[in-house]
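What follows is one structure encoded as structure tokens, with my remarks underneath.
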């Protein structure tokens, strides 16, 4: 059943994103603060543990991507079976993580490390399978953005639930709700639009290149003599992927640092712990509601420029946040809304850009798992570096949870607000120089415009001079490529 773009398709495919995001908020945002405050784990030790576990988890993601491609090559039933097993393991690991059966700092660190590793490995299997499934549905730039937007919008609903449910009903009820949502998400995926499985075949050397000699920018790659087999190294042989991955890494670290430090900033800098649910709800609700706006922006200015606009909005929001102090609740809520809108771009657009890279490289329907395995690796690396570097750095400057020392709070403000701004600026510069001004970025923008034109009624379509543009049907979506 192909993707038709309706609500039913969106809910069936994107539904699994809800429980995956539900569990991500406790794992990556609540966990550091929970173990530091509830169990008295030192920040330096906790940061080192999180860095080690997340790095180990991250390096397994390319292997998970390779396995995902093999499962897709076998059958969709094999993919669904793997997802079901991973869901059970994730539910059990999540329960163990927040309800440790041991006491003492050393024992708690070991328990946290093992439970977190089990949980994140199972999470990675589900996330890579889910992302690869969506990429295999194909389509032009706007359709790809819409598919990712469905997944990420429902994921943000999961984050909203996770941000308020623990404080309202406790971690015990939250764990049970998560298990039910996870089962429902896997069940919905079984009825989602399905990619067509293709048997694996040996990889000729020529397929390792993103484009054949003489191939024009944006054109469909010539059909290889044999399609590429699942290969975890294949994405790294694609220059466009390496460029996009570098941008994604820098931008991701910029987003992961404030996510790790949010609760510390709210409680100690703003002194407003009672408003944590409001801040989180405003942030994630703004991100979810902004998804349709970013999809529209893609049709008008292209994926890359829309993502750049989101980066600049985030920078403006965090520069403002650096000026806030105790009691500035309304102002920080506005910061949460603005940065949440920027988050919508970070969630919906990079994955759609990656799907286009896969298609233009000629690896569509074969290697999505390998690509998203490396993508997941980059995401985990961002989170690991944020926790492993930011927390020990704050400890070195004398900050501890609950601190009122002006110097420590100043260090917290710099780490939470200004360091992410510097990294976002670096990511924006990379996006402009290494993508938008590059042939791949121009081809992606051309495709988005052509897709928008193709969806207009014939009478409303602007005339395109043949000497400037040629509209072709490349693969599963329309593409506009300048003639040379």
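In my numbering, the protein residues as written are 77 to 560.
Ideal Cβ positions, reconstructed from N, Cα and C, are used throughout, including at glycine.
CA-CA distance, residue 138 to residue 346, rounds to 40 Å. Counting C-beta atoms within 10 angstroms of its own C-beta, residue 480 has fewer than 16 neighbours from the protein chains shown and is therefore classed as exposed. Under the DSSP assignment, residue 150 falls in the alpha helix (DSSP H) whose first and last residues are 137-150. Judged by beta-carbon spacing, residue 217 lies beyond the 8 Å limit of residue 437, meaning their Cβ atoms are not closer than that value.
Annotation for residue 199: the continuous alpha helix (DSSP H) segment containing it runs 181-211. When 171, 180, 323, 238 are compared, the shortest CA-CA separation from residue 105 is found for 238. In the DSSP annotation of this structure, residue 270 is not part of any alpha helix (DSSP H), being labelled neither H nor E. Between the segment 194-203 and the segment 404-423, the count of C-beta pairs closer than 8 Å stays below three; the two stretches do not touch. The DSSP assignment places 444-472 as complete runs of the alpha helix (DSSP H) inside the segment 442-482, in order along the chain (cut-off: 4 residues). Between the alpha carbons of residue 128 and residue 506 lies a gap of roughly 28 Å. Per DSSP, reduced to three states, the secondary structure at residue 110 is helical.
Setting aside the 5 residues that flank it on each side, residue 510 is surrounded in the same chain by 319, 322, 323, each with a C-beta closer than 8 Å to its C-beta; the list follows chain order. Here residue 458 is not near residue 377, since their CB atoms are 8 Å or more apart.
Boundaries of the alpha helix (DSSP H) around residue 223: 217-265. Sequence-distant Cβ neighbours of residue 208 in its own chain, meaning closer than 6 Å and more than five residues away, are 144, 444, 445, 448.
The C-beta distance from residue 267 to residue 80 rounds to 13 Å, too long to meet the 8 Å contact threshold. Within the same chain, 229, 232, 233 come within 7 Å of residue 364 by CB-CB distance, once the 5 residues on both sides are set aside. Following the DSSP letters along the chain, one finds residue 354 inside the alpha helix (DSSP H) bounded by residues 352-377.
Residue 492 places its beta carbon 8 Å or farther from that of residue 355. In terms of CA proximity to residue 253, 171 leads the group 485, 171, 401, 175.
Here residue 134 is not near residue 169, since their CB atoms are 8 Å or more apart.
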